[in-house]
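FYI, the numbering for the sequence shown is 1 to 189, going by the UniProt record's numbering.
All C-beta atoms in this analysis are idealised placements derived from N, C-alpha and C, irrespective of residue type, glycine included.
Predicted model only: the values in this text are computed from it and were never measured.
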Amino acid sequence: MIDELAVHISREGLHTLEVPASFETTDSFDIRLVNHSEALHVHLHLDDPLSKMATLDAGNHYVEAESERQVRVTVDERTLEQEAKLGKLKVASAYGAETRWIDIKLSKPDPKEETVQVDESLAKPQPRHEENEPGIENPARLVLGLGFGAVLIAALAAAAIGAPLVAGGAVVVFGGVLVALFFLVQDIG
1 MIDELAVHIS
11 REGLHTLEVP
21 ASFETTDSFD
31 IRLVNHSEAL
41 HVHLHLDDPL
51 SKMATLDAGN
61 HYVEAESERQ
71 VRVTVDERTL
81 EQEAKLGKLK
91 VASAYGAETR
101 WIDIKLSKPD
111 PKEETVQVDE
121 SLAKPQPRHE
131 ENEPGIENPA
141 RLVLGLGFGA
151 VLIAALAAAA
161 IGAPLVAGGA
171 VVVFGGVLVA
181 LFFLVQDIG
């Protein structure tokens, strides 16, 4: 589940900001901008230490009147270490009319111990079931049948058309069938 940092805008008065003093997370999080009054722009900025570990989708956000907007902060987990890292998130409303800083603490998540339950029956060898696999029972017959069909079609085409080029093609087909038969005999033997 994504952590969420709520920022309330204009709840107590025009352009006021209500933010928590600090926020702690172990992963990427969303900033939920909740506008309680008229539409305005909100500027978000990560300070230098925080920007080395995280990125914002964008810095400036237009929030419609009495609406909410989500802004993703993506944390690069590779930069997190065993010790928590601290940084600051700047939130400014209405082009700087009001500004607040939030202390952000990013820490590496606790390693999850993932175990797999293994049934004792998996330790014993399983008997093999000799079943006929789906497929061709006698591939030699198939190759012979297809080869004969190809030679027959090539011979009929050569006889019907009578062109030397077609006759040459029929000879090539016949040669290909002979090569296929040779490899089939080698594979069987």
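Our contact map puts V7 next to V19 with C-beta atoms below 8 Å; I'd like the distance itself, whole angstroms only. 5 Å
Have a look at E24 and A92 and give me their C-alpha separation to the nearest angstrom. 20 Å
Counting only runs of 4+ residues fully inside the region 3-90, write out the alpha helix (DSSP H) ranges in chain order. 48-51
Starting from the Cα of A140, find the closest Cα among V166, V75 and A180 and give me that residue. A180
Please state the DSSP three-state secondary structure of A121. Note that residue 121 is Ser in the sequence shown, not Ala. In the structure shown, S121 sits in a helix (DSSP, three-state: H, G or I).
Tell me the DSSP secondary structure of D110 in three-state form. coil
Compare the C-alpha of I104 against each of L165, R78, F29 and A158 and name the closest. F29
Which of helix, strand or coil does DSSP assign to A180? helix
Can you tell me the Cα-Cα spacing of E66 and T99, whole angstroms? 20 Å
Give the DSSP-derived three-state secondary structure of A140 in the structure shown. helix
Return helix, strand or coil for A163, following the three-state DSSP convention. coil
Based on the DSSP output, what are the partners of A92 in its beta bridges? H43 and T99
Alpha carbon to alpha carbon, how far is F183 from A158? Give it in angstroms, no decimals. 27 Å
Using 8 Å as the threshold, is the region 74-91 in touch with the region 118-128, meaning 3 or more CB pairs across them? no
Cα-Cα, which of L40, V73 and D110 is closest to V63? L40
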